[in-house]
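Here this note's numbering = 1-based position in the sequence shown + 2. The beta carbon of each residue, even a glycine, is placed where N, CA and C say it ideally should be. Keep in mind that this is a model prediction, so the values were computed, not measured. For reference, the structure is listed below as structure tokens.
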Amino acid sequence: MAGEHCAYVCMGSNQGDSERNLAEARRRVDSLPGVRVDAASPVYLTEPQNWRDQPWFANQVLRVMCATNMTAPVFLDMLLKVETEMGRRRDLGSQDPAARFGPRVIDLDLLLFDEERHEDAHLILPHPRMLERAFVLVPLRDIDPCLILPGGLTPGEVLRSLAHAVEGNCIRQ
Numbered sequence: 003m004a005g006e007h008c009a010y011v012c013m014g015s016n017q018g019d020s021e022r023n024l025a026e027a028r029r030r031v032d033s034l035p036g037v038r039v040d041a042a043s044p045v046y047l048t049e050p051q052n053w054r055d056q057p058w059f060a061n062q063v064l065r066v067m068c069a070t071n072m073t074a075p076v077f078l079d080m081l082l083k084v085e086t087e088m089g090r091r092r093d094l095g096s097q098d099p100a101a102r103f104g105p106r107v108i109d110l111d112l113l114l115f116d117e118e119r120h121e122d123a124h125l126i127l128p129h130p131r132m133l134e135r136a137f138v139l140v141p142l143r144d145i146d147p148c149l150i151l152p153g154g155l156t157p158g159e160v161l162r163s164l165a166h167a168v169e170g171n172c173i174r175q
């Protein structure tokens with residue numbers, strides 16, 4: 003599709019067969035109308051963030067191409083529908099870290115949509131915590147090492163300032 007939008011999505015799962023959940027989510031995203039998965043990072047096993055007393059996550063980042071008439075809020079709604087269809091229950095109003103950052107079948111976070119900036123109750127772009135998370139930056143570096151992130155740095159340049167370790171397919175932070 004000429005003039006497509008380029009989006010990046012971080013997927014995570016730590017309930018059930020996490021790698022199978024990622025594969026199913028990737029298949030569902032790729033089958034959305036006007037959407038195609040252009041690249042997928044390797045799957046990494048990562049330490050939970052914010053609420054540590056839970057199983058490790060399987061994480062993967064996708065580069066997704068969206069039709070020219072797609073908007074970021076519409077694409078996010080499509081991702082949220084995939085989550086719901088796969089059994090994700092969100093409690094968006096909760097201040098409880100377990101509800102916000104706890105175990106989940108699937109989590110689909112829209113990181114970037116072209117170079118758009120967006121901020122309302124429904125969507126914040128670029129994703130507000132992406133530059134703090136090795137489980138986002140390592141897979142981003144894998145699929146697009148030259149991507150210029152908010153702040154003007156590549157994923158590898160941002161990673162140099164984060165305390166983290168990559169051991170095989172495991173990311174600790």
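Exercise for the section: Could you spell out the range, first to last residue, of the beta strand (DSSP E) harbouring Val-37? Expected result: From DSSP, the beta strand (DSSP E) with Val-37 extends over 37-42.
Handout entry: Element boundaries [alpha helix (DSSP H), containing Ile-145]
Key = From DSSP, the alpha helix (DSSP H) with Ile-145 extends over 136-145.
Exercise for the section: Check the C-beta distance from Gln-176 over to Pro-105 and give it rounded, since I have them as a contact under 8 Å. Expected result: The requested residue 176 is not part of the displayed model; the chain covers only 3 to 175.
Problem - Nearest-angstrom Cβ-Cβ length linking Val-138 and Leu-155, presumed shorter than 8 Å - result: The beta-carbon distance between Val-138 and Leu-155, rounded to whole angstroms, is 14 Å. This is too long to meet the 8 Å contact definition.
Problem - Check whether Val-160 and Leu-133 have beta carbons under 8 Å apart - result: At a Cβ-Cβ threshold of 8 Å, Val-160 and Leu-133 count as neighbours.
Problem - Buried versus exposed, by CB contacts within 10 Å (16 or more), Leu-14 - result: In the sequence on display, residue 14 carries Gly and not Leu. Taking a 10 Å sphere around the C-beta of Gly-14, we find 16 or more other C-beta atoms and assign the residue as buried.
Practice task
Report yes if the C-beta distance between Cys-8 and Met-80 is below 8 Å; otherwise report no.
Solution key: Their beta carbons are not under 8 Å apart, which means Cys-8 does not touch Met-80 by this criterion.
Exercise for the section: Could you have a look at Gly-158 and say whether DSSP puts it in helix, strand or coil? Expected result: In the structure shown, Gly-158 sits in a helix (DSSP, three-state: H, G or I).
Handout entry: Rounded straight-line distance, which links the Cα of Asn-16 to that of Glu-49
Key = Cα to Cα, Glu-49 sits roughly 10 Å from Asn-16.
Exercise for the section: Using only alpha-carbon positions, find the residue among Ala-27, Ser-20, Leu-164 that is nearest to Asp-111. Expected result: Nearest of Ala-27, Ser-20, Leu-164 to Asp-111, Cα basis: Ala-27.
Handout entry: Exposed unless 16 or more other CB atoms sit within 10 angstroms - verdict on Arg-143
Key = It counts as buried.
Problem - beta strand (DSSP E) segments (min. 3 residues) lying fully within the region 55-100 - result: Within the region 55-100, the complete beta strand (DSSP E) runs of at least 3 residues are 59-68.
Problem - Backbone secondary structure at Ser-33 - three-state DSSP - result: Note: Ser-33 maps to coil in three-state DSSP.
Exercise for the section: Tell me where the beta strand (DSSP E) around Asp-122 begins and ends. Expected result: Asp-122 -> no beta strand (DSSP E), and no H or E assigned at all.
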